[in-house]
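Asker: Residue numbers (the UniProt record's numbering): 1 to 447.
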Amino acid sequence: MRKSGVAEKYVRVVQDMYERSRTVVRCAVGQTEEFNVEVGLHQGSALSPFLFAIVMDQLSEEVRQESPWTMMFADDIVICSESREQVEENLERWRFALDRRGMKVSRSKTEYMCVNEREGSGTVRLQGEEVKKVQDFKYLGSTVQSNGECGKEVKKRVQAGWNGWRKVSGVLCDQKISARIKGKVYRTVVRAAMLYGLETVSLRKRQESELEVAELKMLRFSLGVTRLDRIRNEYIRGTAHVGRLGDKVREARLRWFGHVQRRDRKGRELADMMERRKVDILCVQETRWKGSKARSIGAGFKLFYYGVDSKRNGVGVVLKEEFGRNVLEVKRVSDRVMNLKLEIEGVMLNVVSGYAPQVGCELEEKERFWSELDEVMESIPTGERVVIGVDFNGHVGEGNRGDEEVMGKFGVKERNLEGQMVVDFAKRMDMAVVNTYFQKREEHRVT
1 MRKSGVAEKY VRVVQDMYER SRTVVRCAVG QTEEFNVEVG LHQGSALSPF LFAIVMDQLS
61 EEVRQESPWT MMFADDIVIC SESREQVEEN LERWRFALDR RGMKVSRSKT EYMCVNEREG
121 SGTVRLQGEE VKKVQDFKYL GSTVQSNGEC GKEVKKRVQA GWNGWRKVSG VLCDQKISAR
181 IKGKVYRTVV RAAMLYGLET VSLRKRQESE LEVAELKMLR FSLGVTRLDR IRNEYIRGTA
241 HVGRLGDKVR EARLRWFGHV QRRDRKGREL ADMMERRKVD ILCVQETRWK GSKARSIGAG
301 FKLFYYGVDS KRNGVGVVLK EEFGRNVLEV KRVSDRVMNL KLEIEGVMLN VVSGYAPQVG
361 CELEEKERFW SELDEVMESI PTGERVVIGV DFNGHVGEGN RGDEEVMGKF GVKERNLEGQ
421 MVVDFAKRMD MAVVNTYFQK REEHRVT
């Protein structure tokens, strides 16, 4: 929790919750005597999923690769590689990382699958034991086949649709209920089950027809119509106000494609800019990313960020993936101040990212920011290096006013109150304002 930047007072609260905890087991003949709980998380606690997520996030920090090479959901992990040797190597890294922290890879639940397998590709082994090979596996409700087909997934979606139809058949087959209401219930319960995850599946015409045949059969049952009545499918759909399923699949696929295209566009732009300008570490402000996470943003860069509101503030630090393995602590103080500590070639480096309140903000908010920043600076041990990348939202002014703390004369505009606060902070901390030392082109003024 400390490494994830959780405040010390909350760490102590959780420690108190787990210290000397005892429990009983209820069975058919009564309750057992109390016994100590020395491992694991509290069952049924609302806090347990959050604590487990923190543990897995920190545990996997050194071995996890960016999607799609590593995918994680709770304790279910998928490892993808281009060769059997790479799979074995990554699997061994996960096993070692888990064993070192008192957790284990379940041998009975671990299995592997080859896509477009060549002859003589061999087997995958974990500590000398052969891992079970399968032709398909289920992950997060979807079935993946080794031959790249989706026939089993389509059959499962049809079955899920029928299961949903049976649950509400009392409503769908009731002659007193109008066709419009039946269609609405069908779309809400049955079709939702049939369409689950199909936006990521490449359906062939035959498989799309298989889904539509099943749907029309359900609709005919619901409306009390058989094929002997010789009523066209278009009339059935129009009566129930249900469009073609194939059109809905394509609509969902386009919507999913839009989500993927828009996903983390800001992060990707940051990574591209850092790669183009050969920047290894970058402090970012006003990110407006909600949450407290660390994730890859592409091009070999990793983002550590914190924010509480997707519409305001937020700070973060972007650094090369190779430096990400050297991160020792992330202290997320607020959505305006955070500190990332890492070790590079034996040197302890603290990277402080901050976002000061703008000129029009309340004085109380400004004082809170400076108090948080001072607290972070004072907590850094003497002898450790410090780099501050903060958007102070202040102007120290053009020209050199004789302040030793302001390096150079290329400041912006006249010095304002916020700019004077920056200079005063530099004096208190025995630091210097350095981005005024060199002149920048307008397009290079990136915050």
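Note that beta-carbon positions come from the ideal geometry of N, C-alpha and C, so glycine has one too. Remember, it's a predicted structure, so these values are computed and weren't measured experimentally.
(1) If we cut at 8 Å on Cβ distances, does L140 have a partner in chain B?
(2) Going by the DSSP bridge assignment, what does K217 pair with across the sheet?
(3) Can you tell which of L340, M377, R336 has its C-alpha closest to the C-alpha of V393?
(4) So, helix, strand or coil for residue 455, using DSSP?
(5) Of all the options E404, G408, L270, G141, which has the alpha carbon lying nearest to the alpha carbon of D76?
(6) Let's test the definition: count the other Cβ atoms within 10 Å of the Cβ of T447 and tell me whether it reaches 16, buried, or not, exposed.
(7) Grouping DSSP H, G and I as helix and E and B as strand, with all else coil, what is G346?
(8) Mind pulling the alpha helix (DSSP H) runs of 4 or more residues that sit fully within the region 231-289?
(9) Taking three-plus beta-carbon pairs below 8 Å as touching, is the region 195-212 in contact with the region 140-155?
(10) Given a cut-off of 8 Å on the beta-carbon distance, is the pair E414 and G389 in contact?
(11) Where does Y18 fall in DSSP's three states?
(12) Let me make sure I understand the geometry here. Which of Y355, F52, E375, V318 has the alpha-carbon closest to that of A271?
(13) Once DSSP output is grouped into helix, strand and coil, what is the label at R125?
(14) Does the region 305-315 touch the region 377-384, meaning 3 or more C-beta pairs lie closer than 8 Å?
(15) Just to confirm the assignment, what range does the beta strand (DSSP E) spanning V330 have?
(16) Tell me, which residues are paired with V13 by DSSP?
(17) Just list the residues that DSSP pairs Q31 with in beta bridges.
(18) Rounding to the nearest angstrom, what Cα-Cα distance links L126 and V115 in this structure?
Answerer: With the given structure in hand:
(1) The structure shown contains no chain B; it holds only a single protein chain.
(2) According to DSSP, which records beta bridges pairwise, K217 is partnered with nothing at all.
(3) Note that residue 393 is Asn in the sequence shown here, rather than Val. Considering only alpha carbons, the answer is R336.
(4) Residue 455 is absent from the structure shown; the chain starts at 1 and stops at 447.
(5) Nearest C-alpha to D76: G141.
(6) Note that T447 scores a pLDDT of 46, beneath 50, so its modelled location is shaky and nothing firm can be said.
(7) Three-state result, G346: coil.
(8) Counting whole runs of 4 or more residues, the region 231-289 contains the alpha helix (DSSP H) stretches 233-240, 245-262, 265-277.
(9) At 8 Å Cβ cutoff, the stretches touch.
(10) Result no, Cβ atoms of E414 and G389 do not sit closer than 8 Å.
(11) For Y18, the three-state secondary structure derived from DSSP is helix.
(12) Nearest C-alpha to A271: V318.
(13) R125 falls in the strand class under three-state DSSP.
(14) No contact exists between the region 377-384 and the region 305-315.
(15) Element bounds for V330: 327-332.
(16) In the DSSP assignment, V13 forms no beta bridge with any residue.
(17) In DSSP, Q31 forms a bridge with R26.
(18) Distance between L126 and V115, taken at the CA atoms: about 20 Å.
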